[in-house]
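Novice: Can you read through this structure? Questions will come right after.
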């Protein structure tokens, strides 16, 4: 019971349940949750690849978000199990781009596609170069668009 | 592996990771997330006991929240794995009370204790009796305070 | 004093204060709040033009969000007063596009630009034509990009 | 545009509109928004009394939340104008208690009552005494329960 209660964390695909608090009066998951899910997806994707976003943050570097895009295809509903697929498309010392595909886990229906662009910053929010110690392993994970 | 990427759902204890979006400028999880986590905890608890809150909602009955209480003991931080322990203390046709214990999964440190009181309502928000079909199995799950 | 405590609602520009709960551990307003602020901005913009989004919703039509874009220029901080400037760029029976400019009110510094695309839907989420009673007054408010 | 577009900030009573993103599929404002509104209410209350919570934070002291309570009386709906009345009940160097009354502005209907208890902490989250420079003016604002 207890051991099985932990989420499996070896997968780069994040699975999450739509929370009741995330619904709106249209009866669907509100669109402003998707950037939050994309963020959780890339944290999980980093973890699955042996990289801890928490450690990056603790080293004094943040991957500040400089832009997002989202296209909503089909509504997600309360308690739906969502699979967040994260793909790193660009990894340079001063810019990174992730793309996302959000699917309903049960039938793989496409719910949304999205992207986020990031700029490494220091604790004061100034743009910096991503340290090589992070850039090298991250850059090895870039997938060209299929 | 992909199949293993789904959260285990047989446990009444919900495990969740603190999302970056849930932190605040004090560097901790903002206190207003805890009612959201308690809610997700009771949905999971119901599911683990064979009861679907989504089905209750779809039958036209909601468990509207009439009160909450929370005591915060220790801060939760970004990426912490949190275990939400849910206990049903009262289950009557017109009132239910859940209690919660939120722990950091890694060391079982107590983060917060909480409670929520609920009133069954119909789609217009009017108080109703919880149908027997739901009340009977739920009432069987009441645990007296230890 | 008391009468003056209500927000002025005749302006199409929404002013809002960054809430503490909206900050993150980078010490800035989390990027997922901006779609929420854009949404509040267009509700206020509609109101200032004599149109109630609540009434549109109550008539059974929603302006579902089919896409968003955001470019973040400068961070917003706790308690900053933000001005959300909303502009309607496209208004057709089956599609609308709004653009936004978010500024810090004190010095008019540009914080972010954004856009949202909408599809009129019925209560079941199916795409419908926006009724003429709403389309006509809304279409009169389209501003071409400057 | 007009000066009137800024919210009036001299009042200790915060007025806010329920955001669409704050609704849930029950068609009401989700209960987890109320702690956020209470927090915004006390920030406004401090401001109206010449005290800046931002300045307190910048001095390295936070008023960490150690407990909250809420009783929900009547649902708030999308676009409702809410008045948050804040009252300071206890102000000691190591503990403060605020109470709140949330009303619908149009008809003064009582929506919820709440309370929050706070502990002054330093940047590492350790409990500290509230500096006299803050405590003295704050303690002068205590109102005994009516």
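Protein chains in written order, with the working numbering: chain A, 69 to 214; chain B, 69 to 214; chain C, 69 to 214; chain D, 69 to 214. We put the beta carbon where it would ideally sit given N, CA and C, even for glycine.
(1) Identify the continuous alpha helix (DSSP H) that holds residue 125(D) and give its terminal residues.
(2) Please state whether the Cβ-Cβ distance between residue 145(C) and residue 104(C) is less than 9 Å.
(3) Looking at C-alpha atoms only, which residue of 192(C), 190(C), 113(C) is the closest neighbour of residue 151(C)?
(4) Check this for me: beta carbons of residue 138(B) and residue 137(D), under 9 Å apart or not?
(5) Are residue 119(A) and residue 188(A) touching if we call contact CB-CB under 9 Å?
(6) In terms of alpha-carbon separation, which member of 157(A), 80(A), 153(A) lies closest to residue 213(A)?
(7) Going along chain C, which residues have a C-beta under 8 Å from residue 103(A)?
(8) Pick from 169(A), 92(A), 126(A): whose alpha carbon is nearest that of residue 109(A)?
(9) Using alpha carbons as the reference points, say which of 111(D), 153(D), 100(D), 196(D) lies closest to residue 128(D).
(10) Please name the residue, chosen from 178(D), 160(D), 190(D), that lies closest to residue 209(D) on a Cα-to-Cα basis.
(11) In chain A, what lies closer than 7 Å to residue 95(D) by C-beta?
(12) To the nearest angstrom, report how far apart residue 70(C) and residue 79(D) are at their CA atoms.
(13) For residue 191(A), count the other beta carbons within 10 Å of its own beta carbon; 16 or more makes it buried, fewer makes it exposed. Which is it?
(14) Spell out the partners DSSP gives residue 201(C) in its beta bridges.
(15) For a contact meaning CB atoms closer than 7 Å, what does residue 122(A) contact in chain B?
(16) What three-state label does DSSP hand residue 81(B) in the structure shown?
(17) Determine, for residue 69(A), whether the minimum Cβ-Cβ distance to residues of chain D falls below 9 Å.
(18) What would DSSP say about residue 107(C), mapped onto helix, strand or coil?
(19) Rounded to whole angstroms, what is the Cα-Cα separation between residue 140(B) and residue 153(A)?
(20) Taking the Cβ atom as the reference point for each residue, do residue 148(A) and residue 88(D) lie within a distance shorter than 9 Å?
(21) Using the Cβ count rule (16 or more neighbours within 10 Å means buried), how would you classify residue 178(C)?
(22) Please confirm whether residue 166(A) has its beta-carbon closer than 9 Å to some beta-carbon of chain B.
(23) Would you kindly work out how many angstroms separate the C-alpha atoms of residue 102(A) and residue 207(D), rounded to a whole number?
(24) From residue 97(D) to residue 143(D), what does the alpha carbon distance come to, in whole angstroms?
(25) So, using beta-carbon positions, are residue 194(B) and residue 183(B) closer together than 9 Å?
(26) Where do the N-terminal and C-terminal ends of the beta strand (DSSP E) with residue 186(C) fall, by residue?
(27) Could one say the Cβ of residue 82(B) lies closer than 9 Å to chain D's Cβ atoms, at least one of them?
(28) In chain order, what residues of the same chain lie with their CB nearer than 8 Å to the CB of residue 84(D), ignoring the 5 residues before and after it?
(29) Which residues in the same chain as residue 211(D) place their Cβ atom closer than 8 Å to its Cβ, once the five residues preceding and following it in sequence are excluded?
(30) Assign residue 155(A) to one of three DSSP states: helix, strand, or coil.
(31) Give the DSSP bridge partners of residue 168(B), in chain order.
(32) Compare the C-beta of residue 142(A) with all C-beta atoms of chain B and state if any pair is closer than 9 Å.
(33) So residue 133(B) is in the beta strand (DSSP E); what residue range does that whole segment cover?
(34) Can you list the residues of chain D that residue 194(C) reaches, using a CB-CB cut of under 9 Å?
(35) Express the C-alpha separation of residue 82(B) and residue 82(A) in angstroms, rounding to a whole number.
Specialist: Taking the geometry as given:
(1) 121-126
(2) no
(3) 113(C)
(4) yes
(5) no
(6) 157(A)
(7) 99, 100, 103
(8) 169(A)
(9) 196(D)
(10) 160(D)
(11) 93
(12) Unreliable positioning characterises residue 70(C) in this predicted model, as indicated by a pLDDT of 38, which lies under 50. The coordinate reading is nonetheless provided below. When rounded, the distance between both Cα atoms is 7 Å.
(13) exposed
(14) Its beta-bridge partners do not exist; DSSP assigns none.
(15) 146, 147
(16) coil
(17) Annotation note: pLDDT 32 at residue 69(A) (below 50); position unreliable, coordinate value reported separately. Cβ-Cβ to chain D under 9 Å: no for residue 69(A).
(18) helix
(19) 34 Å
(20) no
(21) exposed
(22) no
(23) 43 Å
(24) 7 Å
(25) no
(26) 178-189
(27) no
(28) 105, 108, 149, 150, 152
(29) 155, 156, 157
(30) strand
(31) 154(B), 182(B)
(32) no
(33) 130-140
(34) Within 9 Å Cβ-Cβ: nothing; residue 194(C) doesn't reach chain D, min ~17 Å.
(35) 16 Å
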